[in-house]
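Chains as they are written, first to last, in the numbering used here: chain P, 4 to 674; chain D, 3 to 264.
Written out as structure tokens, the structure reads:
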């Protein structure tokens with residue numbers, strides 16, 4: 004006898020099954036339509052062209068789970084067991100339908116091979132599911148939540164596979180075909196039925212239980228976190244497509260805050276909690292977490308656009324889906340430092356910092372849910388063109404004894420424009436960064452100038468909190484100055500200005516006619532230092548014999564992938580021993596100053612983010628903590644004082660260190 | 003509930019180095035950043051909140067030159083419906099009663115239930131305009147208000163007195179209140195917010211239209227006239243300590259000891 008598949012053995016009224024299957028697929032499609040109907044309400048910020056990189060990411064991040072494995076091999080393995088088990092069984096079921104309805108091919112050797120594969124896939128799925136339960140409920144991995152949904156989804160899936168095996172076992176016990184041993188799991192189970200004929204009467208019931216569980220699960224998918232099986236691939240594909248800029252004016256006419264891409268990202272989220280684990284604000288005990296924000300945003304969108312949202316039971320269901328931690332008020336988004344740690348660890352690229360920026364723009368427009376200190380800083384930013392409430396005259400005071408050419412005063416400006424930035428110009432501590440850098444440039448005979456008191460704010464501060472109208476105004480002012488003085492080459496003190504020039508300006512420039520676009524090269528000062536070091540222009544002679552550690556600023560590291568450049572400069576200094584902190588490079592912990600948090604002390608928890616970071620520096624045993632950002636410098640310098648580390652640890656900007664080694668530190672300026 | 007709020011544009015002086023003209027009569031304002039008077043900002047916010055809770059409309063009035071349109075735009079962006087600009091430079095040297103007279107003429111024919119002004123202005127600091135205005139209008143008034151509860155035909159308002167004392171008073175509607183800072187948390191006005199009210203019409207008027215002759219406004223119409231302005235002389239005795247933190251601390255302790263404090 005040729006091995007082949009038995010379909011609907013002992014089952015009557017098969018049409019009922021088809022009817023239920025149609026209903027299940029109908030509900031599934033309805034659920035998918037609901038999600039899509041929400042997505043299409045979003046702002047269009049990108050087209051969806053074909054992209055090989057998108058396809059390869061789908062393969063690597065989707066099928067191989069690259070980003071799930073990263074940093075958590077156990078989670079990666081568990082997920083791949085479940086995903087491949089599920090996908091395999093799905094493909095297997097599709098093949099059955101093809102075999103039954105279209106073309107009979109599941110017979111003979113191929114059928115045996117097919118059966119064995121399905122047995123393996125079913126077991127993989129079960130092992131993965133049990134493992135997931137162990138991780139969540141026995142190991143109690145801290146980042147995992149324990150909501151009702153987290154349990155029902157796993158139990159349901161498990162019940163589907165288990166009931167399938169039991170039905171198979173009972174059938175095999177009665178039919179005992181010679182190829183039964185190849186369906187090994189069902190075969191083993193068949194030995195449980197010591198009186199196969201007696202158990203036969205319950206077989207149809209078991210079969211229907213399995214059928215109902217399976218069809219029910221299909222219908223359930225779009226209404227639970229399993230929807231990520233569609234949301235995540237969409238999200239992974241969209242991630243690397245370039246974003247278009249939206250002008251504040253056209254945004255003001257939009258009813259929706261989020262782009263459709265943000266909405267797809269939200270639907271890809273499974274609340275795995277990796278973002279919570281790395282979020283510096285959550286880590287400091289502040290009432291914010293990226294996951295809570297995403298869940299809040301997603302639920303709000305559903306309630307706003309869902310076709311069923313005028314039924315009370317629907318609203319109740321949405322709000323009851325989540326338990327204790329779901330009290331998220333919109334004001335909490337001001338806690339985010341936009342450090343991008345959450346996005347870096349997210350397996351499905353949920354761009355939380357970007358979405359938070361969109362949400363902030365809405366709150367800025369309303370104006371009523373803003374922290375008082377932020378309102379104050381933004382008003383200052385508008386009135387004084389800097390957040391430090393300092394008049395224009397004070398902008399160039401840091402350089403009064405350094406004789407730095409003012410580009411706006413000279414006729415030809417061929418050289419480099421050193422864009423000092425608001426904080427570096429105004430804050431007494433951060434001014435040392437500029438003074439050191441200027442001395443190094445002079446020593447290295449690099450022709451450069453500044454915009455003196457005409458230098459405006461680049462717009463970063465407004466941009467980060469969603470004050471897009473002000474950002475665009477400041478960007479236009481900046482571009483106009485660059486055009487007027489023919490500035491083509493810019494170097495910045497701050498990674499924030501650097502990021503804004505490099506990654507925010509071009510999308511807005513692209514909206515203009517070509518003749519109005521201004522192109523310029525921008526570098527962060529660390530890049531210029533490395534060039535000078537490599538060219539041998541700096542005399543790093545004096546051996547220091549000192550142990551240092553380096554703090555990666557978020558906007559240099561994670562946002563712009565510059566990790567090695569500053570380390571190479573440090574390595575070039577003789578006698579310096581470099582040690583890394585527990586969190587370094589892409590894992591670096593934010594100093595707490597980003598996203599305009601530096602001006603909002605009222606949001607701090609009992610322990611500040613900067614204090615957590617400075618403790619990590621202390622743990623390395625380094626004598627100097629080096630950083631490359633004026634905000635980090637100020638935040639960490641403060642933390643050094645509040646944690647009582649003044650005698651054991653110094654905080655220095657990389658420029659200050661280099662200037663010190665070169666003997667350019669002006670003498671006696673250190674405390 | 004219809005509310006009228008009087009606002010004023012003032013120079014920001016927190017971080018400015020003020021200069022006085024040669025005659026010693028005026029502070030040079032060219033380099034100063036202008037903004038809405040802080041107390042008035044709280045008054046506008048309070049008016050908008052009352053309107054949001056009880057309905058009606060908010061009208062803002064200012065007295066100054068055409069540059070003062072900016073403060074009216076700010077108030078419109080915050081949620082005011084109408085704005086009136088008394089475009090008249092002649093009030094430059096008016097005293098509090100003179101300013102109140104100008105505002106009174108513009109307001110007296112408006113239908114309103116509540117008149118709000120800031121408790122004082124940061125420029126001249128009279129802290130009188132709101133109260134004189136109430137007298138002209140024949141309205142009951144309360145000053146230094148830090149809380150308003152509205153009920154049928156009357157309000158309970160809280161007034162800030164000395165050393166953390168708050169007085170609750172009942173006052174009938176219509177009435178005039180001068181608003182103290184801290185009564186609320188004024189909303190932020192974004193650039194786009196101002197952009198949106200860019201086209202809202204601002205009613206303009208001037209002293210002629212308001213029936214005030216040149217004799218009645220400015221210095222001529224005032225009982226109080228400024229004689230001379232001068233900057234306070236730089237005092238002596240300030241010393242900036244240098245050295246390490248511990249050295250500075252030691253020196254400070256020494257100075258306190260030497261002066262006989264401890």
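Think of the CB as a built atom: it goes at the ideal place given N, C-alpha and C, for glycine as much as any other residue.
For residue i, the nearest candidate out of the options (CA to CA)
| i | options | result |
| --- | --- | --- |
| residue 209(D) | 184(D), 91(D), 246(D) | 91(D) |
| residue 200(D) | 54(D), 13(D), 6(D), 76(D) | 76(D) |
| residue 194(P) | 214(P), 206(P), 208(P), 169(P) | 169(P) |
| residue 239(D) | 261(D), 60(D), 252(D), 223(D) | 261(D) |
| residue 23(D) | 252(D), 247(D), 259(D), 233(D) | 233(D) |
| residue 142(D) | 153(D), 168(D), 115(D) | 115(D) |
| residue 68(P) | 350(P), 459(P), 617(P) | 350(P) |
| residue 71(P) | 273(P), 258(P), 285(P) | 273(P) |
| residue 180(D) | 120(D), 65(D), 37(D), 33(D) | 120(D) |
| residue 675(P) | 569(P), 380(P), 486(P) | The shown model of chain P, from 4 to 674, leaves out residue 675(P), and the question about it has no answer. |
| residue 676(P) | 275(P), 454(P), 255(P) | Nothing can be reported for residue 676(P): it is not among the residues displayed for chain P, which extend from 4 to 674. |
| residue 153(D) | 172(D), 167(D), 138(D) | 172(D) |
| residue 455(P) | 488(P), 410(P), 281(P), 470(P) | 410(P) |
| residue 474(P) | 364(P), 270(P), 292(P) | 364(P) |
| residue 219(D) | 34(D), 25(D), 96(D) | 96(D) |
| residue 216(P) | 190(P), 164(P), 235(P) | 164(P) |
| residue 621(P) | 640(P), 403(P), 399(P) | 640(P) |
| residue 117(D) | 158(D), 211(D), 62(D) | 62(D) |
Exposed unless 16 or more other CB atoms sit within 10 angstroms - verdict on residue i
| i | result |
| --- | --- |
| residue 327(P) | Because residue 327(P) sits at a pLDDT of 48, beneath the cut-off of 50, its placement in the model cannot be relied upon, and the point is left open. |
| residue 113(P) | exposed |
| residue 336(P) | buried |
| residue 256(D) | exposed |
| residue 435(P) | buried |
| residue 448(P) | exposed |
| residue 261(P) | buried |
| residue 88(D) | buried |
| residue 343(P) | buried |
| residue 477(P) | buried |
| residue 218(P) | buried |
| residue 41(D) | buried |
| residue 509(P) | exposed |
| residue 85(P) | buried |
| residue 498(P) | buried |
| residue 633(P) | buried |
| residue 190(D) | buried |
| residue 265(D) | The shown model of chain D, from 3 to 264, leaves out residue 265(D), and the question about it has no answer. |
| residue 374(P) | buried |
Residues that residue i contacts on chain D, provided the C-beta gap is smaller than 9 Å
| i | result |
| --- | --- |
| residue 373(P) | 187, 189, 190 |
| residue 472(P) | 192, 193, 194, 195, 196, 197 |
| residue 381(P) | 190, 192 |
Contact list for residue i against chain D, beta-carbon separation under 7 Å
| i | result |
| --- | --- |
| residue 654(P) | The premise fails here: residue 654(P) is roughly 14 Å from chain D at the closest Cβ pair, so nothing lies under 7 Å. |
| residue 3(P) | This structure cannot speak to residue 3(P), because chain P is shown only from 4 to 674. |
| residue 378(P) | 190 |
| residue 2(P) | Residue 2(P) falls outside the range modelled here, since chain P spans only 4 to 674, and no answer is possible. |
7 Å Cβ cut-off: residues of chain P touching residue i
| i | result |
| --- | --- |
| residue 35(D) | 386, 387 |
Listed by chain order, chain D residues near residue i by CB distance under 8 Å
| i | result |
| --- | --- |
| residue 426(P) | Those within 8 Å of residue 426(P) in chain D number zero; the least Cβ separation is about 16 Å. |
Checklist entry - What residues in the stretch 13-28 of chain D bring their beta carbon closer than 9 Å to a beta carbon of chain P? => result Along the stretch 13-28 of chain D, the positions whose C-beta sits under 9 Å from a C-beta of chain P are 14, 16, 17, 18, 19, read in chain order.
Next on the checklist: Can you pull out the residues from the stretch 337-370 of chain P whose beta carbon lies closer than 7 Å to at least one beta carbon of chain D?
Outcome noted: Hits within the stretch, in order: 367, 368, 370.
Item to check | Contacting positions in the stretch 198-219 of chain D - beta carbon closer than 9 Å to chain P | outcome: Within the stretch 198-219 of chain D, the residues whose Cβ lies closer than 9 Å to some Cβ of chain P are 198, listed in chain order.
Next on the checklist: For the structure I just gave you, are there three or more beta carbon pairs, one from the stretch 299-315 of chain P and one from the stretch 515-529 of chain P, closer than 8 Å?
Outcome noted: The answer is no - the stretch 515-529 of chain P does not touch the stretch 299-315 of chain P, with fewer than three Cβ pairs under 8 Å.
Checklist entry - When you check each C-beta in the stretch 237-261 of chain P against every C-beta of chain B, which residues fall closer than 9 Å? => result Here the protein chains are P and D, and chain B is not one of them.
Next on the checklist: Tell me which residues of the stretch 388-418 of chain P have at least one Cβ-Cβ distance to chain D shorter than 7 Å, keeping chain order.
Outcome noted: Listed in sequence order: 392, 393, 394.
Item to check | Inter-stretch contact at 8 Å, needing at least 3 Cβ pairs: the stretch 538-550 of chain P / the stretch 636-652 of chain P | outcome: Segment contact: the stretch 538-550 of chain P against the stretch 636-652 of chain P, fewer than three CB-CB distances shorter than 8 Å; contact not assigned.
Item to check | contact_flag[the stretch 598-616 of chain P, the stretch 647-665 of chain P] where n(CB pairs < 8 Å) is 3 or more | outcome: Contact between the stretch 598-616 of chain P and the stretch 647-665 of chain P is absent, because fewer than three Cβ pairs lie under 8 Å.
Checklist entry - Three or more beta-carbon pairs under 8 Å between the stretch 226-234 of chain P and the stretch 149-157 of chain P, yes or no? => result The answer is yes - the stretch 149-157 of chain P touches the stretch 226-234 of chain P, with three or more Cβ pairs under 8 Å.
Checklist entry - Do three or more CB pairs link the stretch 453-469 of chain P to the stretch 545-554 of chain P at distances below 8 Å? => result In short, these stretches do not touch, since the Cβ pair count stays below three.
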